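A.B. asks: Order-wise, the sequence lines are chains H and W.
First residue of the first sequence? That's 670 in this note's numbering, and the numbers climb one at a time after it.
First residue of the second sequence? That's 285 in this note's numbering, and the numbers climb one at a time after it.
Cβ atoms here follow ideal geometry from the backbone N, Cα and C, with glycine treated the same way.
Remember, predicted model here, so these are calculated numbers, not experimental data.
I have a structure I would like to understand better, so I am pasting it below and will then ask my questions one at a time.
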Amino acid sequence: MLTPDMGSLVISNLYRRKVRSAIAIVAVAVGVAAPIVLAGMTYGSINEVLDRIRNVGADIIVSRTSNPALLGVRTGVLDESLAVKLGTVEVEYDGEIVRPAESVSPVLVWVAEFDGRLQNVYGITPDEFPAFGGPMADALVAGRLMDGPDELVIDDRLAASAGLGNGDTVELMNRKFTIAGVVRAGAGARLFMRLDALQGLTGQNGKVSAFYVKCKHPGYVSVTASAIENEFPGLNAIAMGALADEMAEGMAGLDEFVGAVTALALLVAGLVILLTTYTVVLERTREIGILKALGASRAFIARVILSETLVLCVLVAAVGVGLAFLANLAIEFRYPLLTVETTPGRVFGYAALGVAVGVLAGIVPVLYAATRDPAETLRYE
Amino acid sequence: MTDKNALIAEDIRVVFGASDYRFVALDGINLKVASGEFAVLMGPSGCGKTTLLHVLSGILRPTSGCVWVDGTELTALGSAARTRLRRDRIALIFQKFNLLPTVSARGNVAIMKKLGASVGTSSPDELLETVGLGAKKDNLPSELSMGEEQRVAIARALYTDPAIILADEPTGSVDSANKTRILDVFEDCNREMGRTILVATHDENVASRAGRVIEMEDGKVV
C-alpha cells in the first residue's frame, strides 16, 4: 500500500501537521492502552487468586457446605478436632482399603486490616506449613516460620509494599506482632500466624474455617473427597485443582466485561481516527484537487490518505503500548499488591485491533476524498 | 506548426449554477490549436480563459460541446481516462500555482513521477536550475515568493515533457527578468521540442512571443 515513492509524501504530510498528528496519536493511543491495562489488571488479579489456590500443597479443601472459606469471610465454623477424624477416613482404592490422608491441616481464615488494606490472615500450625505450602513451603526468603503467638510470617510482596522486613514490629487486630519471616508470595494468603494465636485473638478457640488434606497418592484424591462428603454430611470436599477451575469458570463473566470495555475504548479510538481522517480530507480538499488535476488516480489519492491513516495507526499502536507499559509501571508502583498481567500476545492483539479499527474508520473519508471532483476545488480560483 | 490539431474545442458551453444563479462561463467556444503551435488566450478578467483551459485539460466537463486532444475525444472519456490523458499528454500551469504545501520545491516537481507520469530527460533539480531556483530546491512553498512558486509550477509542468502545455497567467507573479526567462523556456519548448503551448494572459509581452493571439470576451472567442 505504502510505496517508497509515496512514503516521503505521507511522512511529510504527517510531519507538517505535527501538532494535529501528535494530538490524534495520543488521543487514540489512550484508547489502545486502556484495554491493555484493564485486561492486565483484571486477568492479573484473577490469575493471582487462582495461582494462590493452585500453589497450595494440599489436594483437598474441606469446608462447611454453605461457607467457602477461601473467599475470606470471617469464620471459624468447624471444630478443629475434626482433623483427627478426617485423618482416619478410609477409602477403597484398587481393591484395597487405605487411609489416604498424609496430613490434615486445619486453617482459620480471618480478614483484618494491615498496612491500610484488608488482608486475609491464615491461622495455621507451623508444623503443617510444609504440607499446606506445597511448592511454596521452601519459599522462606528471610527469617523463619512463626514460633510464638506474637509472631507473623508475611509474603515478600506485602513486605515490599509495606516496607517491612524480618524482625519489624507491626500492629494487627489491635495487637503487636513481630515479623518472624518472609515467604515468597504465591500460596494461600499474604499473612500467616499461629492457628492458636488467631483463634485466641478472634474468640474462635477450637474452631477453624477449613481443613487442607494432603493425600498419599494422587489417585486417592477424588475418592477421598467423595468419602469425606459421604461420611460427614454438611461438609464440602473439593479437590484443589477443581476448585481453581470452578472459580475460573465463575469469573468467566469478566471476559465479557473486559470485551465490552475494550469494544467501547476501540469504538472511541475509531471515531477519533474517523474524525482525524475526515479533518485531513477536508483541510486537504485543495491538495487532493491539485493532485487529481495533475493526473493522480483515485487509487493514488486513496493510497496516500489511507497510508497516512495506517502510519498514524501504527504510531498510535506503538504509543498505546508504551502508554500501557507506563501505566502498568505506575499502577504497580502505587499499588504493589495489585498484579498487572501483561502478556505479549494480549498486547500485540490489542495493538493490532487498534490498527485495524483505525484503518477501517479511515476508509469512509478516504473514499470520499478519492471521488472528489478536482473541478470542485479549482474551477473558482 | 503541422496540419494536425493538438486541441479542438467544438461549441463548448459551460454553465454554472441554476435558475436565478445561472452563470454562463463559456458560450459556444469553437477553437483549434495545431500541434506545435504557440498561442495565447487574451481577454479581460472573467471572460472565461481559465474555465476554457480547465475544459481543454479535462479538469472540468463542459455543460455541452466536445473537446479533442491529439485526436482523442476527451469529453467522451470517463473520469479515470481523462485523468490519465491529462497526466500523460498535458501539463497544466495554474494561475495560483497549486503547489503541494507539505513538500519541497523539488518534491513538487518530482511528484509527477510518483503520479505515474512518464518524465523527460531533465531531472527535477535541472529543471529548477533552468527556472532559476537551483538554490531553493529544498524550500517549502511557504518559504518561496509568489514568483518563485510560479517558477516551481513551471518546472513541474516541464518535468513530464508534455506534448501540450496549458498555462494560466504563467508570468503574472514574476519580475521582468524572470518573465523573460520563463518565456525563453516556453519558446525553447515550442521551437526546439515542438510542444504545443496555449497560454492565458493579460500580458502583451507574452502575446508578442506567441504565433497567434486568440481574443476572448464574455465567454466567447471574438
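#1: Looking only at its chain, what residues have a beta carbon closer than 7 Å to the beta carbon of alanine 996 (chain H), apart from the 5 residues adjacent to it on each side?
#2: According to DSSP, is lysine 876 (chain H) part of a helix, a strand, or is it coil?
#3: For glutamate 471 (chain W), I'd like the list of residues in its chain whose CB is within less than 8 Å of its CB, leaving aside the five on either flank, ordered along the chain.
#4: Looking only at C-alpha atoms, which of H:Gly872, H:Ile897, H:Ala938 and H:Leu984 sits nearest to valine 753 (chain H)?
#5: Following the continuous beta strand (DSSP E) through valine 688 (chain H), name the residue where it begins and the one where it ends.
#6: Mind checking if alanine 693 (chain H) is an interface residue toward chain W, Cβ cutoff 8 Å exclusive?
#7: For leucine 787 (chain H), count neighbouring C-beta atoms within 10 Å of its own C-beta (all shown protein chains included) and say buried if the count is 16 or more, exposed if not.
#8: Going along chain W, which residues have a C-beta under 9 Å from serine 966 (chain H)?
#9: Could you please give me the residues that DSSP links to methionine 920 (chain H) through a beta bridge?
#10: Please state if the CB of valine 387 (chain W) and the CB of isoleucine 377 (chain W) are separated by a distance shorter than 8 Å.
#11: Distance cutoff 8 Å, beta carbons only. Does isoleucine 959 (chain H) sit that close to anything in chain W?
#12: Measure from the alpha carbon of proline 446 (chain W) to the alpha carbon of each residue in H:Ala691, H:Ala1020, H:Gly964 and H:Val973, then state which is nearest.
#13: Any beta carbon from chain H within less than 8 Å of asparagine 382 (chain W)'s own beta carbon?
#14: Which one of W:Ile343, W:Tyr305, W:Ser457 and W:Gly391 has the shortest CA to CA distance from aspartate 1042 (chain H)?
#15: Tell me, please, which residues DSSP counts as bridged to phenylalanine 322 (chain W).
#16: Given valine 985 (chain H), which residues of its chain have a CB within under 7 Å of its CB, disregarding the five upstream and five downstream residues?
#17: Just to check my reading of the structure: threonine 485 (chain W) and threonine 455 (chain W) have Cβ atoms closer than 8 Å, yes? What is that Cβ distance to the nearest angstrom?
#18: May I ask you to report which of helix, strand or coil DSSP gives aspartate 372 (chain W)?
#19: Among residues of its own chain, excluding the 5 on either side of asparagine 474 (chain W), which ones have a beta-carbon nearer than 6 Å to its beta-carbon?
#20: Rounded to whole angstroms, what is the Cα-Cα separation between threonine 1040 (chain H) and serine 966 (chain H)?
#21: Does the segment 913-923 of chain H come into contact with the segment 770-787 of chain H, if we say contact requires no fewer than three beta-carbon pairs (one atom in each stretch) closer than 8 Å?
#22: In three-state DSSP terms, what is valine 789 (chain H)?
#23: Run through DSSP, which three-state label would leucine 870 (chain H) get?
#24: Considering Cα atoms alone, identify which of H:Leu1029, H:Phe1002 and H:Leu747 is closest to leucine 944 (chain H).
#25: Indicate whether at least one CB of chain W lies closer than 8 Å to the CB of phenylalanine 1002 (chain H).
#26: Is there a C-beta anywhere in chain W that falls below 8 Å from the one on glutamate 918 (chain H)?
#27: Curious, which full-length alpha helix (DSSP H) runs of at least 4 residues does the segment 797-842 of chain H contain?
#28: Any beta carbon from chain H within less than 8 Å of methionine 500 (chain W)'s own beta carbon?
#29: The segment 336-349 of chain W: which residues have C-beta closer than 7 Å to a C-beta of chain H, in chain order?
#30: Run through the DSSP bridge pairs and tell me what alanine 513 (chain W) is partnered with.
#31: Runs of 4 residues minimum, wholly inside the segment 741-776 of chain H: which ones carry the alpha helix (DSSP H) assignment?
C.D. replies: This is what the structure holds:
#1: Ala702 and Val706
#2: strand
#3: Hits under 8 Å: Phe322 and Arg493.
#4: H:Ile897
#5: Careful: valine 688 (chain H) lies outside any beta strand (DSSP E), inside the alpha helix (DSSP H) at 687-723.
#6: no
#7: By the 10 Å Cβ count, leucine 787 (chain H) comes out exposed.
#8: Ala364, Thr367, Arg368, Arg371, Leu399 and Gly400
#9: None, per the DSSP bridge assignment.
#10: no
#11: Answer yes: the Cβ-Cβ gap between isoleucine 959 (chain H) and chain W drops below 8 Å somewhere.
#12: Of H:Ala691, H:Ala1020, H:Gly964 and H:Val973, the residue nearest in Cα terms is H:Gly964.
#13: yes
#14: Answer by Cα proximity: W:Ile343.
#15: W:Ile481
#16: Ile694, Val697, Ala698, Val701, Gly1023 and Gly1027
#17: 7 Å
#18: helix
#19: Phe322 and Ile481
#20: Rounded to the nearest whole angstrom, the C-alpha separation of threonine 1040 (chain H) and serine 966 (chain H) is 10 Å.
#21: no
#22: Residue 789 (chain H) is actually asparagine in this sequence, not valine. Asparagine 789 (chain H): strand per DSSP, three-state reduction.
#23: Helix.
#24: H:Leu1029
#25: With 8 Å as the cut-off, phenylalanine 1002 (chain H) does not count as an interface residue toward chain W.
#26: No, glutamate 918 (chain H) lies away from the interface with chain W (no Cβ there is under 8 Å from its Cβ).
#27: 798-802 and 825-831
#28: no
#29: His338, Ile343 and Leu344
#30: Residue 513 (chain W) lies beyond the stretch modelled for chain W, which goes from 285 to 506, so this question has no answer here.
#31: 751-756
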